[in-house]
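First the structure, in the form of structure tokens, and then the observations on it.
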Amino acid sequence: MKNVTRRIIKSGIISWAVLFVIWGVISLFYTEAFFPSPFETFVGFKEIVLNGKLWEDISISVQRVLLGWSRALLIGIPVGLLIGRFRIVNWFIEPFINFFRFVPAIGFLTLFLMWFGVGEESKLILITYASIFPIIINTIAGVNTINPVKYQAAESLGANRLQSFITVTIPGSVPSILTGARLGLSTAIISIVGAEMLAANSGLGYLVYTSRLYYRTDYIFVGIVTLGILGFFADKSLRYVAKKSLKHYGVTE
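Right under this line is the structure:
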């Protein structure tokens with residue numbers, strides 16, 4: 195019985211049940227337009243599911259996140275590996291990384307709209323910008339944690355710098371790269387909301403933003419909950435892939 199109770203607590207069922215009870219109690223003191231109850235939110239959810247609007251917005255937001263995040267991976271991983279491994283690259287690029295990573299992505303939105311237009315490209319660049327820094331920083335950290343003895347062993351076997359980079363640096367950085375990928379994905383999901391609120395006519399951020407015009411707070415809640423669910427399952431999926439991959443490196447989470 196204790197094991198069953200422990201599993202229920204660990205699964206988070208009780209936490210979510212308590213949250214829904216608190217949500218329901220708070221909603222008793224306000225109107226539906228200000229703070230809808232879980233039931234009223236579910237009714238709104240049903241409406242936009244049946245008319246197809248929610249599925250369309252989810253599909254568009256997911257595509258934008260995956261495209262922007264994929265770009266960040268393609269750029270961020272090589273940059274992080276080079277900065278971490280080669281001192282001259284570190285000296286040249288790291289100051290820019292340390293400057294721009296503290297500038298919020300949303301601060302560049304106006305410039306991106308001016309430079310790249312109001313189409314998809316400006317939003318994708320914003321997502322890429324937001325998600326690339328966790329990837330670069332974690333990749334650098336991964337390179338820096340590699341034991342120098344491994345490089346010495348590779349050199350003693352006749353490996354040159356390029357060969358040691360391929361056989362030691364890249365494989366040794368994989369655990370940290372996977373961590374950076376997870377953090378980058380969560381940042382991409384966060385950034386899509388701002389991008390779609392201010393520069394889109396579709397997506398979950400757009401749904402949340404425009405619903406206020408019609409006082410459909412239930413739709414806003416649906417959008418927020420949907421974003422949370424998408425982020426949760428995206429992280430769980432990537433964590434599962436990372437866990438399976440890390441077994442090869444003797445790392446357990």
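For the sequence shown, position 112 matches number 306 in my numbering, and the numbering has no gaps at all. For each residue, glycine too, the CB sits at the ideal point set by N, CA and C. The structure displayed is predicted, hence computed values, not measured ones.
Next item on the list: Determine the DSSP secondary structure at alanine 335, reduced to helix, strand or coil.
Entry: On the sequence shown, residue 335 is found 141 positions in, with the first residue counted as 1. Three-state DSSP puts alanine 335 in a helix.
Note to self: When you compare the stretch 364-381 with the stretch 425-436, are there three or more beta-carbon pairs, one atom per stretch, that lie closer than 8 Å?
What the structure shows: Touching, per the Cβ criterion.
Notebook entry, point to check: Just how far apart, CA to CA, sit serine 264 and threonine 381?
Noted result: For this step, residue 264 is matched to residue 70 along the sequence shown. For this step, residue 381 is matched to residue 187 along the sequence shown. Cα to Cα, the separation comes out at about 13 Å.
Check: Hey, out of Gly399, Phe426, Phe427 and Arg406, whose CA is closest to glycine 417's CA?
Finding: Taking the first residue of the sequence shown as 1, we reach residue 417 at position 223. Checked all of Gly399, Phe426, Phe427 and Arg406; the closest Cα to glycine 417 is Gly399.
Next item on the list: May I have the straight-line CA-CA distance separating phenylalanine 449 from tyrosine 409, to the nearest angstrom?
Entry: A question about residue 449 goes unanswered here, because the residues of the chain that appear run from 195 up to 447.
Next item on the list: Tell me whether glutamate 226 sits in a helix, a strand or coil according to DSSP, three-state version.
Entry: Translated into the one-based positions of the sequence shown, residue 226 becomes position 32. In this structure, glutamate 226 counts as coil in the three-state DSSP scheme.
Note to self: According to DSSP, simplified to helix, strand and coil, what is asparagine 395?
What the structure shows: Within the sequence shown, residue 395 is the residue found at index 201, counting from 1. Three-state result, asparagine 395: coil.
Next item on the list: Closer than 6 Å by C-beta to isoleucine 450: which residues in its own chain qualify, once you throw out the five before and the five after it? Chain order, please.
Entry: No answer is possible for residue 450: the residues shown for the chain start at 195 and end at 447.
Check: Taking only runs of the alpha helix (DSSP H) that begin and end inside the stretch 338-390, which ones reach a length of at least 4 residues, in chain order?
Finding: 342-350 and 355-358
Checklist line | Cβ distance (whole Å) where leucine 379 is taken to contact alanine 428 below 8 Å | finding: For this step, residue 379 is matched to residue 185 along the sequence shown. For this step, residue 428 is matched to residue 234 along the sequence shown. Correct: roughly 6 Å between the Cβ atoms.
Next item on the list: With a 10 Å radius around its C-beta and 16 neighbouring C-beta atoms as the bar for buried, classify serine 231 as buried or exposed.
Entry: By one-based count along the sequence shown, residue 231 stands at place 37. That one is buried.
Check: Can you list the alpha helix (DSSP H) stretches of 4 or more residues lying completely in the stretch 261-299, in chain order?
Finding: 281-294
Check: Quick one: is threonine 411 buried, meaning 16 or more other Cβ sit within 10 Å of its Cβ, or exposed?
Finding: Within the sequence shown, residue 411 is the residue found at index 217, counting from 1. It counts as buried.
Check: Leaving out five residues before and five after glutamate 234 in sequence, what residues of the same chain have Cβ atoms less than 8 Å from its Cβ?
Finding: Within the sequence shown, numbered from 1, the residue matching residue 234 stands at position 40. So the list reads Ser221, Glu226 and Asp412, once near-sequence residues are dropped.
Next item on the list: Tell me, to the nearest whole angstrom, how far the beta carbon of glycine 262 is from that of isoleucine 321; I am working on the premise that it is less than 8 Å.
Entry: Sequence index remark: in the sequence shown, residue 262 carries index 68 (1-based). Sequence index remark: in the sequence shown, residue 321 carries index 127 (1-based). The pair is a contact, with the Cβ atoms about 3 Å apart (cut-off 8 Å).
Check: Distance, Cα to Cα, isoleucine 319 vs glutamate 349?
Finding: Position 125 of the sequence shown, counting from 1, holds the residue named residue 319. Position 155 of the sequence shown, counting from 1, holds the residue named residue 349. Cα to Cα, the separation comes out at about 40 Å.
Item checked: Beta-carbon gap between aspartate 251 and glycine 352 smaller than 8 Å -> For the purposes of this step, residue 251 is identified with residue 57 of the sequence shown, where counting begins at 1. For the purposes of this step, residue 352 is identified with residue 158 of the sequence shown, where counting begins at 1. It is not a contact, given that the beta carbons lie outside the stated cut-off.
Next item on the list: Return yes when the Cβ of glycine 270 is within less than 8 Å of the Cβ of isoleucine 329, no when it is not.
Entry: Within the sequence shown, the letter at position 135 stands for residue 329. Within the sequence shown, the letter at position 76 stands for residue 270. Their beta carbons are under 8 Å apart, which means isoleucine 329 touches glycine 270 by this criterion.
Next item on the list: Please list, in chain order, all residues of the same chain as threonine 363 whose beta carbon is under 7 Å from its beta carbon, the five residues on each side excluded.
Entry: Taking the sequence shown and counting its residues from 1, one reaches residue 363 at position 169. Leu275, Arg279, Val337 and Ile340, listed in sequence order.
Checklist line | Exposure of valine 259, with buried meaning 16 or more beta-carbon neighbours within 10 Å | finding: Residue mapping note: residue 259 aligns to position 65 of the sequence shown, counting from 1. When all chains shown are included, valine 259 counts as buried.
Next item on the list: State the Cα-Cα distance for the pair arginine 295 and serine 325, rounded to the nearest angstrom.
Entry: For the purposes of this step, residue 295 is taken as the residue at position 101 of the sequence shown. For the purposes of this step, residue 325 is taken as the residue at position 131 of the sequence shown. If you take the alpha carbons of arginine 295 and serine 325, they lie about 10 Å apart.
Check: Between threonine 361 and the rest of its own chain, which residues show a CB-CB distance below 7 Å, the 5 nearest in sequence each way excluded?
Finding: In the sequence shown, residue 361 corresponds to position 167, counting from 1. These residues qualify, in order along the chain: Ala348 and Ala353.
Check: What are the boundary residues of the alpha helix (DSSP H) that includes serine 439?
Finding: Residue numbering aside, residue 439 sits at position 245 when the sequence shown is read from its first letter. 411-440 is the span of the alpha helix (DSSP H), which, as asked, contains serine 439.
Notebook entry, point to check: Closest by CA to phenylalanine 327, which one among Leu267, Glu241, Leu248 and Leu407?
Noted result: What you label residue 327 is simply residue 133 of the sequence shown in a count that begins at 1. Nearest of Leu267, Glu241, Leu248 and Leu407 to phenylalanine 327, Cα basis: Leu267.
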